Ligand code: SF4
Ligand code: SF4
Ligand code: FES
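Numbering (the numbering used here), first residue to last: 6 to 362.
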């Protein structure tokens, strides 16, 4: 039902006025409220306003603040998707309020006509829709998310520091990041572990690390491969799916991992060792040799210290995984191995191509 004529016919037949035809309608915003100075716990306030077609969520919140409830607090500045300050969750998804159309959001409401607005997750709450960005800034500091120039001191300010167009394309997309923290709010690991580096900081770190003018590559990389760093990412892709600038964040994460394996070797961190052991098992047997995976990942001492009690319980319940000699190869392993090698070759070639871009 695309044309205007079809829409009118549809309304005449059903007797309903389709929301797409309406210029104005009543919309309820169910907004998260919490003022730590007076509230013992968070709650939601409903604000129903007459919203015009074309209005954004941010403009609606501005209207509510100006005409209905001056105590409502949120952060916004440019109103044009540039500054990144209006990140919030609208109907359960982290996004920019200033680029979210109310009419589009009405299609995504769990309860018809009610748009739910909440603060971003995984960052401390300050008031209502405002979250504290300091933990993110602290991580940017920890992972040296800036360029330290390799230009000799006497040349600074006197010479241009040129890069090739080829190099620029490696981080062109990454420079679009406006630090809105939508990806941070959607990251599944961060919700479980606040220490995790975060997708936004991984993206920034990648952007700095592929810049030939930068002197901190090794320092940054050594920090990225530590606990809570790049190896903790589970590849769930939620950050990329929610990025308000459609930045391929996962490409950056993969590139950091490849860089770590190339520069520091596979024996560097438990994450790298786990990935190596995993790939080795899959190539050899087509399945995991679970009994030795923790030892190959974290070493004998760590395994004994951390997993012995669990191993004892498993022995008592006769639920231990079989020892390596008893793990039979999966059916059709020869065909599988050929496919595995072909796939590895493709990944290698893709990587080489992306390096050349
Ligand atoms: S892919 Fe990694 S960084 Fe992105 S949301 Fe998932 S765990 Fe977080
Ligand atoms: S990567 Fe995307 S979602 Fe994450 S902070 Fe940057 S612009 Fe926002
Ligand atoms: S107000 Fe600046 S991005 Fe929304």
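Backbone N, C-alpha and C define an ideal beta-carbon position, used for all residues, glycine too. Treat the numbers as computed from the prediction; the structure is a model and nothing was measured.
Can you tell me which of the three DSSP states residue 106 falls into? Annotated three-state conformation of residue 106 is strand, per DSSP.
Span of the alpha helix (DSSP H), counted from its first residue to its last, around residue 220: Taken as a continuous stretch (DSSP letters only), residue 220 belongs to no alpha helix (DSSP H), as it is neither H nor E.
Return yes when at least one heavy atom of ligand 1 lies under 7 Å from the C-beta of residue 204, else no. Because some heavy atom of ligand 1 lies under 7 Å away, the Cβ of residue 204 counts as near it: yes.
Is residue 89 near ligand 2, in the sense that its beta carbon is under 7 Å from a heavy atom of that ligand? At least one heavy atom of ligand 2 is nearer than 7 Å to the Cβ of residue 89, so yes.
Note down the Cα distance separating residue 265 from residue 299, rounded to an integer number of angstroms. A direct Cα-to-Cα measurement between residue 265 and residue 299 gives close to 21 Å.
Can residue 242 be considered in contact with ligand 1, in the sense that its beta carbon sits closer than 7 Å to one or more heavy atoms? If you check the C-beta of residue 242 against ligand 1, you find a heavy atom less than 7 Å away.
First through last residue of the beta strand (DSSP E) which encompasses residue 267: Where residue 267 is concerned, there is no enclosing beta strand (DSSP E), although the alpha helix (DSSP H) it sits in stretches over 254–269.
Going straight from the alpha carbon of residue 190 to that of residue 262, what length do you get? One alpha carbon belongs to residue 190, the other to residue 262, and they sit about 22 Å apart.
Coarse secondary structure for residue 295, derived from DSSP in three states: Here residue 295 sits in coil by DSSP.
Does the beta-carbon distance from residue 34 to residue 78 come in below 8 Å? For residue 34 and residue 78, no; Cβs fall outside 8 Å.
Specify, as a first and last residue, the run of the alpha helix (DSSP H) that residue 194 falls within. First-last of the alpha helix (DSSP H) with residue 194: 193–197.
Using the C-alpha atoms, what's the distance from residue 311 back to residue 279? C-alpha separation (whole angstroms): 16 Å.
For residue 290, report the span of its alpha helix (DSSP H) as first-last. For residue 290, the enclosing alpha helix (DSSP H) stretches over residues 275–290.
So, do the region 119–127 and the region 83–99 have three or more beta carbon pairs nearer to each other than 8 Å? As far as the Cβ criterion goes, the region 119–127 touches the region 83–99, which means the pair count is three or higher.
Three CB pairs or more closer than 8 Å across the region 230–248 and the region 170–177: No, the region 230–248 does not touch the region 170–177.
Verify the contact flag: residue 79, CB atom, against every heavy atom of ligand 3, threshold strictly below 7 Å. Residue 79 Cβ: outside cutoff for every heavy atom of ligand 3.
Whole-angstrom distance between residue 56 and residue 351, CA atom to CA atom: About 52 Å.
Taking C-alpha atoms, which residue in 303, 255, 128 and 147 lies nearest to residue 178? Each of 303, 255, 128 and 147 was checked against the Cα of residue 178, and the nearest Cα belongs to 255.
Tell me where the beta strand (DSSP E) around residue 133 begins and ends. Bounds of any beta strand (DSSP E) do not take in residue 133, whose DSSP letter is neither H nor E.
Report the start-end ranges of each beta strand (DSSP E) in the region 115–162 that is 3 residues or longer and not cut off at the edges. Correct list: 119–123 and 130–132.
Identify, in the order they occur along the chain, each residue of the same chain with its Cβ nearer than 8 Å to the Cβ of residue 345, setting aside the five sequence neighbours on each side. 287 and 288, listed in sequence order.
Determine the extent of the alpha helix (DSSP H) in which residue 173 is found, giving its start and end residues. First-last of the alpha helix (DSSP H) with residue 173: 170–176.
Test item: CB-CB of residue 118 and residue 128 under 8 Å: For the 8 Å CB-CB criterion, residue 118 and residue 128 do not form a contact.
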